[in-house]
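Take a look at the structure set out below.
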Amino acid sequence: KMKLATELQFSLAPKMFNSRRLVEEERHSLMDYQMARTRFFLILLSLDLIIKMQFITNNFSKYLFVILSVSCLSYPIL
349 KMKLATELQF
359 SLAPKMFNSR
369 RLVEEERHSL
379 MDYQMARTRF
389 FLILLSLDLI
399 IKMQFITNNF
409 SKYLFVILSV
419 SCLSYPIL
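Using the working numbering, the letters of the sequence shown map in sequence onto residues 349 to 426.
In structure tokens:
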């Protein structure tokens, strides 16, 4: 009985490890997707802000620089 139990354990261990690794990879890919989506929406939002600022003032390049620097700073955080 003991021998059978250990054999069963050794045969199941790799499968369990593989499924755990798959779950981890799945979670990482989901996190990457969410980060990319968040980044995309932030970029859209900043572009929207740039366009609105351009209508308000003609200092387009200044606002472009500010928003690009902000998005570059927020890139590692997201």
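Using N, Cα and C, we set each Cβ at its ideal position, and we do this for glycine too.
Across the structure, serine 367 and alanine 384 are spaced so that their CA atoms are roughly 25 Å apart. Pairing threonine 386 with valine 371, the inter-Cα distance amounts to about 22 Å. By the criterion of a C-beta distance shorter than 7 Å, isoleucine 415 is surrounded in its chain by Ser394, Leu397, Ile398, once the five residues flanking it on both sides are discounted.
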